[in-house]
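Numbering (this note's numbering), first residue to last: 10 to 221.
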């Protein structure tokens, strides 16, 4: 299987998709979201538009569900069986960023979570977090979950406004580095992503190569 890195979030709506686009552009990786719940705003379509050569680097989902809800519930409505042990993975010579849905313990199936999926496929992970009241707790709990499942955490990406006090505590307490900070972009397009990704390229490639 192609070398893969999971993109996980401390909860839903945390900015995983935009983060994945920036990271994929900075590290020249491919992108894959195995399970998409809801067809009005497909994350793969968004990333394809934001990446250089997105049409070649963004792969079709393994499963697309009609309803924008937790995959395990959407799958029941659509009569679909999600079995992540049988996913056909994209073929690529590049590293593959694999975006999960929702938070770390959001269900993927009726009896498994996103963390279970990542652990089964033995992927290292990047954790996407934001600063808000309660985010320290959510971030540290997420890290504990990853550790308990033997998932290797490469680092944290902070999405949105900075908070030095919170970020310092998270890094020191968890002994996990914040490897990138991604702002809320006023204009979201290919040029914006490309320019910002260039500022992160060197540091992120160092992490990618260190993981080889």
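We treat Cβ as the ideally placed atom computed from N, Cα and C, and that holds for glycine.
These figures come from a predicted structure and were not determined experimentally.
Residue i and residue j closer than 7 Å at C-beta
i	j	result
residue 137	residue 28	yes
residue 193	residue 112	no
residue 67	residue 56	yes
residue 23	residue 139	yes
residue 148	residue 12	no
residue 44	residue 134	no
residue 100	residue 39	no
residue 65	residue 108	no
residue 176	residue 187	yes
residue 16	residue 106	yes
residue 158	residue 189	no
Top-ranked residue by Cα proximity to residue i, from the options
i	options	result
residue 285	99, 106, 70, 101	One cannot answer for residue 285 here, as it falls past the ends of the chain, which runs 10 to 221.
residue 173	144, 157, 159	144
residue 197	30, 104, 22	30
residue 128	155, 141, 102	155
residue 166	73, 182, 124, 209	209
residue 89	118, 65, 102	118
residue 132	115, 162, 121	162
residue 211	179, 37, 114, 181	37
residue 18	130, 202, 114	114
residue 63	202, 214, 96	202
residue 160	180, 141, 181, 130	130
residue 141	182, 164, 170	170
residue 46	96, 81, 195	81
residue 84	116, 204, 146	116
residue 180	213, 53, 146	146
For residue i: DSSP bridge partner residues
i	result
residue 45	73
residue 168	191
residue 174	In DSSP, residue 174 forms no bridge with anything.
residue 160	Paired residues: none, contrary to the question.
residue 68	41
Rounded Cβ spacing between residue i and residue j (contact assumed at less than 8 Å)
i	j	result
residue 75	residue 87	6 Å
residue 199	residue 59	6 Å
residue 206	residue 34	4 Å
residue 73	residue 94	Rounded, the Cβ-Cβ distance is 19 Å, inconsistent with contact.
residue 185	residue 216	In fact, because the Cβ distance is near 12 Å, the residues do not count as touching under 8 Å.
task: Return the chain-ordered ranges of every alpha helix (DSSP H) run that is complete within the segment 81 to 153 and spans a minimum of 4 residues.
output: Counting only runs of 4 or more, we get 123 to 129.
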